[in-house]
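Data block below; observations after.
There are 2 protein chains.
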Amino acid sequence: MAGAFGFKGSCQKIRGPEIRNLLEAKEFFLFDCDGVIWHGENAITGAPKVVNSLIRHGKNVFFVTNNCTRPRENYVSKFYRLGFTDVMQEQIFSSSYCSALYLRDVAKVQGKVFVIGCEGVRKELREAGVPFLEEDDPPDATIYNCALSPDVKAVLVGHDDKLTFLKLAKASCYLRDPECLFLATDNDPWHPLRDGRILPGSGCLTAALEVASGRKATVIGKPSRFMFECISSQFRGVDPAQCLMVGDRLETDVLFGSNCGLDTMLTLTGVSQIEEAEEYRDSEHSPNQSLVPDYVVDTIADFLPAFEDQD
Amino acid sequence: MAGAFGFKGSCQKIRGPEIRNLLEAKEFFLFDCDGVIWHGENAITGAPKVVNSLIRHGKNVFFVTNNCTRPRENYVSKFYRLGFTDVMQEQIFSSSYCSALYLRDVAKVQGKVFVIGCEGVRKELREAGVPFLEEDDPPDATIYNCALSPDVKAVLVGHDDKLTFLKLAKASCYLRDPECLFLATDNDPWHPLRDGRILPGSGCLTAALEVASGRKATVIGKPSRFMFECISSQFRGVDPAQCLMVGDRLETDVLFGSNCGLDTMLTLTGVSQIEEAEEYRDSEHSPNQSLVPDYVVDTIADFLPAFEDQD
Chain F
1 MAGAFGFKGS CQKIRGPEIR NLLEAKEFFL FDCDGVIWHG ENAITGAPKV VNSLIRHGKN
61 VFFVTNNCTR PRENYVSKFY RLGFTDVMQE QIFSSSYCSA LYLRDVAKVQ GKVFVIGCEG
121 VRKELREAGV PFLEEDDPPD ATIYNCALSP DVKAVLVGHD DKLTFLKLAK ASCYLRDPEC
181 LFLATDNDPW HPLRDGRILP GSGCLTAALE VASGRKATVI GKPSRFMFEC ISSQFRGVDP
241 AQCLMVGDRL ETDVLFGSNC GLDTMLTLTG VSQIEEAEEY RDSEHSPNQS LVPDYVVDTI
301 ADFLPAFEDQ D
Chain D
1 MAGAFGFKGS CQKIRGPEIR NLLEAKEFFL FDCDGVIWHG ENAITGAPKV VNSLIRHGKN
61 VFFVTNNCTR PRENYVSKFY RLGFTDVMQE QIFSSSYCSA LYLRDVAKVQ GKVFVIGCEG
121 VRKELREAGV PFLEEDDPPD ATIYNCALSP DVKAVLVGHD DKLTFLKLAK ASCYLRDPEC
181 LFLATDNDPW HPLRDGRILP GSGCLTAALE VASGRKATVI GKPSRFMFEC ISSQFRGVDP
241 AQCLMVGDRL ETDVLFGSNC GLDTMLTLTG VSQIEEAEEY RDSEHSPNQS LVPDYVVDTI
301 ADFLPAFEDQ D
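Chains as they are written, first to last, in my numbering: chain F, 1 to 311; chain D, 1 to 311.
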């Protein structure tokens, strides 16, 4: 698909009038969250105004996040707290919410889900009516003596800061049954924290279980197409040609956009650098072209002038 | 290298006189442990007599195990308890012992080692005089607030049944420093337990950290050559042409033997089946030939008749 303005896969820094033309041409804006509109508990300067202005101008705005730690209702509070006052719960598509939809509506899993994950995942499963196993191992339980439930028909892996070896071992045992579904909220390798620290992502735990089971997980989060399918099934007329996917990570956000046939924009307030995008662009390995954004901005605050003249 | 009797890579079941000829031709016998000479706490029938007879016939017998959970002195007790009464500590090469040797003698690591592993690993490090970080995080520590030591210059990953998310996260942070060595005791994906259960292996935790760090670990255990180098450096005249490696797992034991230029034997009392070996043999993918054993026996008890006539 050709980009709206001949920028397809060009990794082109755009500004001023080019941004305005792009915002006018697109009807659907998909934003990643961390590194794009906020860093942890701090909104990126100007981002709330950009998001609120898009919504007030009648654009359809969605948030597609691989972060599975919060249920969507917590996201609504966070959006509000950080100044994104016009965002509603139905605009938020998190990997835990979409995992719950997948288990209920696509896999139609008959039985219980064994969860490696945090409260965000469990809450979304509960709200979707997908039964899962409650943790009830005594403190001295080991994989040699613990109970394994015959009802488990799916293993769902996401970020879990209470991960234990026993959880990994139980999941590995459940996955011995080829009928047991193997699902991952996302495949993010790590997330940046302050002071150069990192947080291992769901992708680490998925990799561990893939080794133990000799199987590959079905991944719900970006870059898989499924979250876009969730949006399309809940909102009418979502035409890929009218969508812009804005993210800070080439291997998740930009690839997701490419996989769904959307125009893509890299914003430089997060993980990926423009040099990495240019390396992919100049690479002779053709699958790398799916990692090259159509557009690049320093920050989505670069959208602001487009509204200021109009407001 | 051609096998002693034209069996190289032939995956050939041998018995009776062929076994006797092979035992006479070889001077050095390397055995994997679990699935080869015992299953957990039960010796494989006949195995103690085979091992003791080889030793009494003046053969050099070594044990090369990826199991890093026990220090070698515990292995000596286990060997004795299960009837392998002639085995001495210096014949035992475990991945934790060899990891300690690597850190001290090869990497000559200057600083402390951060260990994901169990007491077997820590004990061997202590005995080799390799300093490592003692765990002292308060119960409420998280990756956001925990201490990270500037002295850590290596991360060593092995089986750890007390694994927590915090340990994974700390290791991931240490590995951000490209000067910090990344070592794994072994890469075993899983180990069979009773009742169809499995134990995730060190390979799972290594895979998790490889994803988090974007780096590849240096692996000490089989199929890497390093454990054979440890044997060669401690015993004179270990000629690969005079060695037989006996194991139950094609991807670790047989590949290890092939990597070191040893004749290899698969015993069918453990993980791998003869059909898998034949599949590798008949595959057109040439690296698979390193996974094909020269010889196959149902059990190492098949060695017994070779001694009985002589004793």
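Beta carbons are placed, not taken as given, at the ideal position from N, Cα and C, and that holds for glycine.
- Message: Is F235(F) close to chain D? Criterion is C-beta to C-beta, closer than 8 Å.
- Response: By this cut-off, F235(F) is not an interface position.
- Measure the C-alpha to C-alpha separation of T65(F) and S172(F) and round it to an integer number of angstroms. Straight through space, the alpha carbons of S172(F) and T65(F) are spaced by roughly 27 Å.
- By Cβ distance, which residues of its chain are closer than 6 Å to F228(D), with the 5 residues on each side in sequence left out? Excluding sequence neighbours, F228(D) sits near C260.
- Item | chain D contacts made by the stretch 114-147 of chain F, where a contact means CB separation under 8 Å | If the cut-off is 8 Å between Cβ atoms, the stretch 114-147 of chain F has T142, I143 and Y144 near chain D.
- Query: Taking buried to mean at least 16 other C-beta atoms within 10 Å of its own C-beta, is K216(F) buried or exposed?
  - Reply: Exposed, because fewer than 16 other Cβ atoms sit within 10 Å of the Cβ of K216(F).
- Starting from C243(F), follow the beta strand (DSSP E) in both directions and report where the run begins and ends. Note, C243(F): beta strand (DSSP E), C243 to G247.
- Query: List, in order along the chain, the chain F residues whose C-beta lies closer than 7 Å to that of K162(D)?
  - Reply: What K162(D) touches in chain F, judged by beta-carbon distance under 7 Å, is F165, going in chain order.
- Message: Let's test the definition: count the other Cβ atoms within 10 Å of the Cβ of G9(D) and tell me whether it reaches 16, buried, or not, exposed.
- Response: When all chains shown are included, G9(D) counts as buried.
- Query: Can you tell which of D151(F), Q12(F) and Y102(F) has its C-alpha closest to the C-alpha of L175(F)?
  - Reply: The closest CA to that of L175(F), considering only D151(F), Q12(F) and Y102(F), is found on D151(F).
- Taking all protein chains shown into account, do 16 or more other C-beta atoms lie within 10 angstroms of the C-beta of E24(D), making it buried, or fewer, making it exposed? Exposed: under 16 other Cβ atoms inside 10 Å.
- Message: Considering only DSSP beta bridges, list what A312(F) is partnered with.
- Response: Summary: the structure shown does not reach residue 312(F), with chain F confined to residues 1 through 311, and so no result is reported for it.
- Per-residue contacts from G203(D) into chain F (C-beta, under 7 Å): Those are V211, listed as they occur along chain F.
- What does L199(D) reach in chain F if we use C-beta pairs closer than 7 Å? Going along chain F in sequence order, the residues near L199(D) (Cβ under 7 Å) are I143 and A169.
- Query: Roughly how many angstroms separate the alpha carbons of L125(D) and L54(D), rounded to a whole number?
  - Reply: If I take the Cα positions, the gap works out to 31 Å.
- What does A208(D) touch in chain F if you count any residue whose Cβ is under 8 Å from its own? At a C-beta separation below 8 Å, A208(D) has these neighbours in chain F: P200, C204, L205, A207 and A208.
- Message: Buried or exposed, going by whether 16 or more other CB atoms sit within 10 Å of the CB of D239(D)?
- Response: In summary, D239(D) is exposed, with fewer than 16 beta-carbon neighbours lying within 10 Å of its beta-carbon over all protein chains present.
- Cβ shell of D311(D) (< 7 Å), same chain only, five flanking positions each side left out: At D311(D), the pLDDT of 47 sits below 50, so the modelled position is not reliable and the matter cannot be decided from this model.
- Message: Quick check on R225(D) - is its C-beta less than 8 Å from some C-beta in chain F?
- Response: No, R225(D) does not count as interfacial toward chain F.
- Message: Among the candidates V113(F), R236(F), C118(F) and I231(F), whose CA atom is the shortest distance from the CA of C180(F)?
- Response: Closest option to C180(F), Cα to Cα, is V113(F).
- Would you please verify whether the beta carbon of S172(D) is less than 8 Å from any beta carbon of chain F? In terms of beta-carbon proximity, S172(D) lines the interface with chain F, with at least one pair separated by less than 8 Å.
- Query: Just how far apart, CA to CA, sit H159(F) and G203(F)?
  - Reply: The straight-line gap from Cα to Cα measures roughly 8 Å.
- Task: Kindly indicate the opening and closing residues of the beta strand (DSSP E) around Y295(D).
- Result: Y295 to V297 is the span of the beta strand (DSSP E), which, as asked, contains Y295(D).
- Item | Cutoff 8 Å: W38(D) Cβ touching any chain F Cβ | It does not; no Cβ of chain F falls within 8 Å.
- Compute the beta-carbon to beta-carbon distance between L250(D) and L291(D), rounded to the nearest angstrom, for a pair I have assumed lies under 8 Å. That belief holds up - the Cβ atoms of L250(D) and L291(D) are roughly 5 Å apart, short of 8 Å.
- Span separating the alpha-carbon of I14(F) from that of P305(F): Cα to Cα, the separation comes out at about 13 Å.
- Continuous beta strand (DSSP E) stretch holding F226(F): start and end: Where F226(F) is concerned, there is no enclosing beta strand (DSSP E), although the alpha helix (DSSP H) it sits in stretches over F226 to Q234.
- Within 7 Å of chain D by C-beta, residues of the stretch 186-197 of chain F in sequence order: For the stretch 186-197 of chain F, which is checked against every Cβ of chain D, the residues closer than 7 Å are P189, W190, L193, G196 and R197.
- Length-filtered (3 minimum) beta strand (DSSP E) runs lying within the stretch 153-217 of chain D: Look at the stretch 153-217 of chain D and you find these whole runs of beta strand (DSSP E), each 3 residues long or longer: 181-184, 190-192 and 198-200.
- Residues bridged to D263(D) [DSSP beta-bridge criterion]: Beta-bridge partners assigned by DSSP to D263(D): L244(D).
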